[in-house]
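**Student:** Residue numbers (our numbering): -13 to 764.
Idealized CB from N, CA, C, for every residue including glycine.
Here the structure is a predicted model, which means the values were calculated and not measured.
1. Where residue 36 and residue 75 are concerned, what is the direct C-alpha to C-alpha distance, given to the nearest angstrom?
2. So is residue 702 buried or exposed if we call it buried at 16+ other beta carbons inside 10 Å?
3. Short of 6 angstroms in beta carbon distance, which residues of its chain neighbour residue 139, apart from the five on each side in sequence? Order them along the chain.
4. Ordered along the chain, which non-local residues of its own chain (more than five positions away) have a Cβ less than 7 angstroms from that of residue 753?
5. Is the region 149 to 165 touching the region 681 to 692 in the sense that three or more CB pairs, one from each, lie closer than 8 angstroms?
6. Can you tell me which of the three DSSP states residue 702 falls into?
7. Compute the distance between the beta-carbons of residue 85 and residue 641, then report whether it is under 8 angstroms.
8. Along the chain, where does the beta strand (DSSP E) containing residue 565 start, and where does it finish?
9. Please name the residue in 587, 320, 715 and 560 whose C-alpha comes closest to that of residue 488.
10. From residue 381 to residue 404, what does the alpha carbon distance come to, in whole angstroms?
11. With a threshold of 6 angstroms on Cβ separation, who are the neighbours of residue 211 within its own chain once the five nearest residues in sequence on each side are excluded?
12. Does the distance from the CB of residue 842 to the CB of residue 19 come in under 8 angstroms?
13. Of the residues 546, 396 and 668, which one's Cα is nearest the Cα of residue 432?
14. Just confirm the distance between the C-beta atoms of residue 286 and residue 315, as a whole number of angstroms; I'd bet it's less than 8 angstroms.
15. From residue 322 to residue 366, what distance separates their C-alpha atoms?
16. Under 8 angstroms by Cβ, that's how I've got residue 622 and residue 590 pegged, so tell me the actual separation to the nearest angstrom.
17. Quick one: Cα of residue 123 to Cα of residue 706, how far?
18. Tell me whether residue 51 is buried or exposed, calling it buried when 16 or more other Cβ atoms sit within 10 Å of its Cβ.
19. Residue 110 by DSSP, collapsed to three states: which one?
20. Just to confirm, is the Cβ distance from residue 507 to residue 484 under 8 angstroms?
21. Given a cut-off of 8 angstroms on the beta-carbon distance, is the pair residue 26 and residue 53 in contact?
22. Just to confirm, does residue 424 get its C-beta within under 7 angstroms of one of the non-hydrogen atoms of the ligand FAD?
23. Is there contact between the region 181 to 199 and the region 234 to 247, where contact requires at least three CB pairs shorter than 8 angstroms?
24. Taking the beta carbon of residue 704 as the centre, do at least 16 other beta carbons fall within 10 Å, making it buried, or is it exposed?
25. Distance, Cα to Cα, residue 103 vs residue 645?
26. Measuring CA to CA, which of 207, 486, 674 and 750 is closest to residue 649?
27. With a CB to CB cut of under 6 angstroms and the five nearest residues on each side skipped, what residues in its chain are close to residue 547?
28. Identify the residues that DSSP records as bridge partners of residue 43: which are they?
29. For the alpha helix (DSSP H) that residue 121 lies in, which residues bound it at each end?
30. In the DSSP assignment, what are the bridge partners of residue 543?
31. Let me confirm a value: residue 745 is counted as buried when at least 16 other C-beta atoms fall within 10 Å, else exposed. Which label applies?
32. Taking the alpha helix (DSSP H) that residue 401 falls in, what are its first and last residues?
33. To which residues of the same chain is residue 251 closer than 7 angstroms at the C-beta, ignoring the five residues directly before and after it?
34. Taking only the alpha-carbon atoms, compute the straight-line gap between residue 694 and residue 142 and give it to the nearest angstrom.
35. For residue 148 and residue 166, what's the separation of their Cα atoms in angstroms?
36. Out of 360, 347 and 375, which one is the CA nearest neighbour of residue 331?
This is the structure in structure tokens:
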């Protein structure tokens, strides 16, 4: 009997017979579409059509398979077919570019998802290239920049940033310190990225429930998935800071092996500004070191590279990569008394990644894949010649996924996710204790087509352990006769449970509408709980949620333990979308409502902390001396409150003729705290219009943006004036795939400040900037 059962089990794991699927891909007029990509979803089986639009997949498996077909200038198509069949497949034209989302476990594109997705393509990335991820993505609808100068700007998605926006490199956590402080740059480099994806809704649960704002996934080819030979190079110089960039990347094949190498180098001086750096410059004379024509201490130097390789089999691949980045950049806005002290960051990161995927010979599962990474990150904040704080983050991560065949027409994937982060800040001015964060998670994502409706559902349960030892806090009342230092050990464990569901309905030709609901739970990050002390880079005295500010009878403030429990942050988000992509006019309209309980955020307490600051300097006789002086820092404390966020995003494209098109974008986010106040640093409403003309080898694009004033502010926050910018791109292509270009930013030399920046009163946007360069592809 046992042998019989074993035989039945083996039979259940055997595969269906292999059969071919063939057909012809054409447009609605019946013209064949050449070089269209045809893929069997859930497998590594794919091919391209010939000049007659024909294709042949000889090894399709399963009772029914789902083909995904895509081609330039057409909307992607999904078709259910029987192996052994042959038929015609018609793709519809699309005025909005349809781009695959690589970071999702199931196939999707920016026009096929139940939730809003931004995909920034290779061409768009090169047009928008900047020294930071936030500044590179700020032109996308719904995305703004935190702008702690152009060097350390992170993306803000619908008013959310910090630990709520996960930054990943090929699906794995960037593992830097950018989620800890606004002055910390994202370590991920976009100069050799192939595309950047901004995910929201159900897909984010595969990365972690904490990413309630979204996931920004930077995709590159450091681990090749094919043996193709291709690459690109770029030389560029910008006038506003004499910013020089050299970058190159390339892939090739050697038998069954794919190889990759890339590298970049960037160097920039302090950037020019069209007015004084200080919004209120009553002390301009006192801080005589400051030159109002440039933002002092906004320079940057960076270099890095990656090498990778893969073994490419018939049914899958496995590969590895190793990368290194060095980055130094100035942090503006620092002065002590009559001196302006140089504060800068020195970052190094070493990163190893593994990635593999293979088809499975099973009736139950179609394929499986894994991603693993190890990152060693170090970030020193240096004041003059002294290292004040050094952040270290050592992260190990594993994600394993298995994809199953359709079950009652539901197709999907299961995932296991493990991540361990060992974070510490060391030095005399370290403001957070060493901590370890360990996460175990199980998740799933499923989808099903019912006629013209696509249903999507996902869920995730995880266990998060945060431990911190030697947590030191000064809890002394100023009136106390004896002073003491409290030392704690903290061990916090939580079990966030999150789920999401959505649907996309193609209700008529060229139109679809989407709706999605996500309930997500997030455990607060270690920095939100344990911060306590001066943060050199941000210029703030940061206090975590475990502490609170109290006052004595003389109105003197001091810190005390917070008696409130550490609660999970709970978010309920509803998204509605309407899309039109056919014809010469298309649009994407999104509306969202996000209600968050126990929202943790950093807010100005209104108190000033006086500190004795020691630094060395050299006198004229070159003898080293040191002295103490008092430094005043505003006290910012992490608070928790119930928050409501809502808003919209709209993008419309009108292709007036084959050579000229107009694009209009607008977005807005509102954020209220307990129905009585506003969240700080919420970006204002924005409008933009862009016109692009392309004829033969010439291309010109003009983009005008207008940011409204922001007067919806919290207590102790100042309003920000409206401003407008005008940008331009002019390019000429010659030879095979070589391009000369001139780009202009802020051509009207607008004097502007970014409301979402902690430095908005100290760091205006750069002045007029002209960039020239040459790039090529092969």
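**Tutor:** Concretely, from the data shown:
1. Locating residue 36 in the chain shown gives position 50, where the first residue counts as 1. Locating residue 75 in the chain shown gives position 89, where the first residue counts as 1. Each residue's alpha carbon lies about 14 angstroms from the other.
2. Position 716 of the chain shown holds residue 702. So residue 702 ends up on the exposed side.
3. Your numbering for residue 139 matches position 153 in the chain shown. Only 118, 120, 121, 131, 132 and 133 meet the Cβ criterion.
4. Locating residue 753 in the chain shown gives position 767, where the first residue counts as 1. Within the same chain, residue 753 has close Cβ partners 226, 258, 259, 260, 732 and 735.
5. no
6. Here the question's residue 702 lines up with position 716 in the chain shown. Here residue 702 sits in coil by DSSP.
7. For the purposes of this step, residue 85 is taken as residue 99 along the chain shown, with counting starting at 1. For the purposes of this step, residue 641 is taken as residue 655 along the chain shown, with counting starting at 1. No, they are not a contact pair.
8. Here residue 565 is taken as the residue at index 579 of the chain shown, counted from 1. Counting along the chain, the unbroken beta strand (DSSP E) around residue 565 starts and ends at 555 to 566.
9. Along the chain shown, one-based indexing puts residue 488 at 502. Cα-wise, what sits closest to residue 488 is 560.
10. Numbered from its first residue, the chain shown carries residue 381 at position 395. Numbered from its first residue, the chain shown carries residue 404 at position 418. Distance between the alpha carbons of residue 381 and residue 404: 11 angstroms.
11. The residue labelled residue 211 in the question sits at position 225 within the chain shown. The answer, listed in chain order, is 303.
12. Coverage of the chain is limited to positions -13 through 764, which leaves residue 842 absent and any answer about it impossible.
13. Position 446 of the chain shown, counting from 1, holds the residue named residue 432. The candidate whose alpha carbon is nearest that of residue 432 is 396.
14. As a first step, residue 286 is located in the chain shown; it is residue number 300 there, counting from the start. As a first step, residue 315 is located in the chain shown; it is residue number 329 there, counting from the start. At roughly 4 angstroms, the Cβ-Cβ gap stays under 8 angstroms, so residue 286 and residue 315 are in contact.
15. As a working mapping, residue 322 is identified with position 336 in the chain shown. As a working mapping, residue 366 is identified with position 380 in the chain shown. For residue 322, the pLDDT reaches just 42, beneath the cut-off of 50, and the residue's location in the model is therefore unreliable, although a value from the coordinates is still provided. So the alpha carbons of these two residues sit roughly 20 angstroms apart.
16. In the chain shown, residue 622 corresponds to position 636, counting from 1. In the chain shown, residue 590 corresponds to position 604, counting from 1. Indeed they touch by this definition, with Cβ atoms about 6 angstroms apart.
17. As a position in the chain shown, residue 123 is number 137, starting the count at 1. As a position in the chain shown, residue 706 is number 720, starting the count at 1. The alpha-carbon atoms of residue 123 and residue 706 are separated by roughly 22 angstroms.
18. Taking the first residue of the chain shown as 1, we reach residue 51 at position 65. By the 10 Å Cβ count, residue 51 comes out buried.
19. Here residue 110 refers to the residue found at position 124 of the chain shown. Correct three-state label for residue 110: helix.
20. Start at 1 with the first residue of the chain shown, and residue 507 comes out as number 521. Start at 1 with the first residue of the chain shown, and residue 484 comes out as number 498. Yes, Cβ-Cβ distance for residue 507 and residue 484 is below 8 angstroms.
21. Your numbering for residue 26 matches position 40 in the chain shown. Your numbering for residue 53 matches position 67 in the chain shown. It is a contact, given that the beta carbons lie within the stated cut-off.
22. For the structure depicted, the ligand FAD is absent and the ligand set is empty, with no information on it obtainable.
23. no
24. Position 718 of the chain shown holds residue 704. Residue 704 is exposed by the Cβ-count criterion.
25. As a first step, residue 103 is located in the chain shown; it is residue number 117 there, counting from the start. As a first step, residue 645 is located in the chain shown; it is residue number 659 there, counting from the start. Answer to the nearest angstrom: the Cα atoms are 27 angstroms apart.
26. As a working mapping, residue 649 is identified with position 663 in the chain shown. Ranking the options by Cα distance to residue 649, first place goes to 674.
27. On the chain shown, position 561 is the one that residue 547 refers to. For residue 547, where only same-chain residues beyond five positions count, there are no Cβ hits under 6 angstroms.
28. The residue you call residue 43 lines up with position 57 of the chain shown. Note: residue 43 sits in a beta bridge opposite 7.
29. Position 135 of the chain shown, counting from 1, holds the residue named residue 121. Residue 121 -> alpha helix (DSSP H) spans 119 to 123.
30. Against the chain shown, residue 543 aligns to sequence position 557. Answer is 537, bridged to residue 543.
31. Translated into positions along the chain shown, residue 745 becomes position 759. Classification of residue 745: buried, given that the 10 Å Cβ count is 16 or more.
32. Residue numbering aside, residue 401 sits at position 415 when the chain shown is read from its first letter. Taken as a continuous stretch (DSSP letters only), residue 401 belongs to no alpha helix (DSSP H), being part of the beta strand (DSSP E) at 396 to 412.
33. Numbered from its first residue, the chain shown carries residue 251 at position 265. Here the set comprises 232 and 289.
34. In the chain shown, the residue the question calls residue 694 occupies position 708. In the chain shown, the residue the question calls residue 142 occupies position 156. When rounded, the distance between both Cα atoms is 17 angstroms.
35. Mapped onto the chain shown, residue 148 falls at position 162. Mapped onto the chain shown, residue 166 falls at position 180. When rounded, the distance between both Cα atoms is 7 angstroms.
36. Residue numbering aside, residue 331 sits at position 345 when the chain shown is read from its first letter. Comparing Cα positions, the closest option is 375.
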